[in-house]
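To convert, count from 1 in the sequence shown and add 12; that's this note's numbering.
From the three backbone atoms N, C-alpha and C, an ideal C-beta is built for every residue, glycine too.
As the structure is a prediction and not an experimental result, all values here were calculated from the model.
I have placed the structure first, in the form of structure tokens, so that the comments after it can refer back to it.
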Amino acid sequence: MQLTWSNALKDYSHYLKIERGLSGNSVQNYVLDVQKLVRFLEAHNINVSPVTITEELLQQFIYETAKSVNARSQARIISGLRSFFNYLIFEEYRNDHPLELIESPKTARKLPDTLALKDIDMLINAIDLSTTEGHRNKAMLETLYSCGLRVSELINLRLSDLFFDEGFINVTGKGNKQRFVPVSDSTRRYINLYIETSRRELDIQKGFEDIVFLNRRGKQLTRAMVFTIIKRLVEKTGLRKSISPHTFRHSFATHLLQNGADLRAIQQMLGHESITTTEIYLHTDRSHLAEVIHKYHPRSHQDPSPE
Numbered sequence: 013m014q015l016t017w018s019n020a021l022k023d024y025s026h027y028l029k030i031e032r033g034l035s036g037n038s039v040q041n042y043v044l045d046v047q048k049l050v051r052f053l054e055a056h057n058i059n060v061s062p063v064t065i066t067e068e069l070l071q072q073f074i075y076e077t078a079k080s081v082n083a084r085s086q087a088r089i090i091s092g093l094r095s096f097f098n099y100l101i102f103e104e105y106r107n108d109h110p111l112e113l114i115e116s117p118k119t120a121r122k123l124p125d126t127l128a129l130k131d132i133d134m135l136i137n138a139i140d141l142s143t144t145e146g147h148r149n150k151a152m153l154e155t156l157y158s159c160g161l162r163v164s165e166l167i168n169l170r171l172s173d174l175f176f177d178e179g180f181i182n183v184t185g186k187g188n189k190q191r192f193v194p195v196s197d198s199t200r201r202y203i204n205l206y207i208e209t210s211r212r213e214l215d216i217q218k219g220f221e222d223i224v225f226l227n228r229r230g231k232q233l234t235r236a237m238v239f240t241i242i243k244r245l246v247e248k249t250g251l252r253k254s255i256s257p258h259t260f261r262h263s264f265a266t267h268l269l270q271n272g273a274d275l276r277a278i279q280q281m282l283g284h285e286s287i288t289t290t291e292i293y294l295h296t297d298r299s300h301l302a303e304v305i306h307k308y309h310p311r312s313h314q315d316p317s318p319e
């Protein structure tokens with residue numbers, strides 16, 4: 013029985029979710045890349061299966077796609093298709109890779125935005141600690157910056173994830189993968205202060221007893237709420253920068269790198285599956301590296317000798 017696109021995508025989705033442990037959003041994005049190809053084939057009345065499709069047809073699809081999307085989107089689609097055909101080879105549906113000789117377009121990597129330490133201090137110091145949410149917001153921002161969490165990881169953090177005696181928190185990242193991240197003494201104090209004061213005064217709703225950061229109704233915070241909290245602090249301080257929860261994560265990684273942290277250690281703390289994702293922070297640090305060379309390299313202070 014010939015493998016159909018619908019059956020292949022169904023099995024592929026299961027493989028991505030169960031065997032590779034990807035999140036629902038990631039699985040959906042990978043499947044959408046292949047569905048774009050399927051729609052192209054249907055629109056042109058091309059009757060081929062995942063097993064019989066050729067390199068020439070894929071080149072034609074990529075050529076047509078390039079007319080309507082930018083280079084970054086095109087590279088993303090090609091990457092998604094590579095993954096799909098890797099899966100078919102892994103499952104022994106195919107013994108060749110039709111995208112093997114097709115190159116992705118070159119794209120300029122977008123460098124993450126970062127904050128200077130004084131900007132982070134300004135935002136945190138702008139929090140009104142006299143309000144019910146003040147201690148919570150301070151603990152949240154300190155955690156975002158000192159632990160490098162994604163916003164989804166922050167709002168899902170549980171009391172049972174706090175291993176303060178050992179100096180770590182247990183973070184559940186993408187694909188429900190867990191990692192232990194060190195937590196500083198100061199951040200631990202801010203979290204404890206929030207837990208022992210304003211959080212204790214809440215009427216915590218059933219099912220949210222173990223969630224660390226709660227809204228005033230005793231329920232879990234949403235991503236949108238965290239974005240709004242940060243947006244209001246940015247407006248209050250007058251900082252003319254585009255700042256989101258992810259900016260704190262980027263700043264965490266960049267500042268660690270600037271202070272000599274190992275890239276592999278940063279990868280582990282961020283929960284990046286590939287070191288390539290973490291390597292983007294090498295590009296954000298060019299000016300700092302130039303300063304280091306100028307300051308510490310013995311040749312940088314020598315006057316050129318006349319010949």
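1. Need the endpoints of the alpha helix (DSSP H) that residue 249 sits in, please.
2. Check the DSSP bridge columns for residue 190 and list the partner residues they point to.
3. I think residue 170 touches residue 222, with their Cβ atoms under 8 Å apart; what is that distance to the nearest whole Å?
4. Where does residue 40 sit, in a helix, a strand or coil, going by DSSP?
5. In three-state DSSP terms, what is residue 136?
6. Have a look at residue 204 and residue 40 and give me their C-alpha separation to the nearest angstrom.
7. Under the rule that 16 or more other beta-carbon atoms within 10 Å means buried, what is residue 16, buried or exposed?
8. Kindly list the residues whose CB is nearer than 8 Å to the CB of residue 198, restricted to its own chain and excluding five residues on each side of it in sequence; keep chain order.
9. Less than 7 Å separating the beta-carbons of residue 62 and residue 128?
10. From residue 319 to residue 163, what distance separates their C-alpha atoms?
11. Measuring CA to CA, which of 287, 244 and 260 is closest to residue 130?
12. Which class does residue 175 belong to by DSSP, given the choice of helix, strand or coil?
13. Would you report the Cα separation of residue 288 and residue 143, rounded to the nearest angstrom?
14. Taking the alpha carbon of residue 99 as the point to measure from, which residue in 46, 55 and 52 has its own alpha carbon closest?
15. Taking the alpha carbon of residue 50 as the point to measure from, which residue in 138, 268, 220 and 69 has its own alpha carbon closest?
16. Assuming residue 97 is part of the alpha helix (DSSP H), what are its boundary residues?
17. Nearest to residue 242 by CA position, among 136, 30 and 189, is which residue?
18. Between 292, 226, 134 and 81, which has its C-alpha nearest residue 262's C-alpha?
19. Do residue 192 and residue 180 come within 7 Å of each other at the CB atom, strictly closer than that value?
20. Looking at residue 202 and residue 150, is the spacing between their C-beta atoms short of 7 Å?
21. Taking all protein chains shown into account, do 16 or more other C-beta atoms lie within 10 angstroms of the C-beta of residue 236, making it buried, or fewer, making it exposed?
Working from what's here:
1. 235 to 249
2. 184
3. 4 Å
4. In the structure shown, residue 40 sits in a helix (DSSP, three-state: H, G or I).
5. In this structure, residue 136 counts as helix in the three-state DSSP scheme.
6. Between residue 204 and residue 40, the C-alpha separation is close to 38 Å.
7. Classification for residue 16: exposed.
8. 154 and 158
9. No.
10. Residue confidence is low: residue 319 scores 47 on pLDDT, short of 50, so the model does not pin down where it sits. Its coordinate-derived value is still stated next. Looking at the two C-alpha atoms, the distance is approximately 59 Å.
11. 260
12. strand
13. 42 Å
14. Cα-wise, what sits closest to residue 99 is 46.
15. Residue 50 has its Cα closest to that of 69, out of 138, 268, 220 and 69.
16. Under the DSSP assignment, residue 97 falls in the alpha helix (DSSP H) whose first and last residues are 83 to 102.
17. 136
18. It is 292 whose Cα lies nearest to the Cα of residue 262.
19. yes
20. yes
21. Residue 236 comes out exposed.
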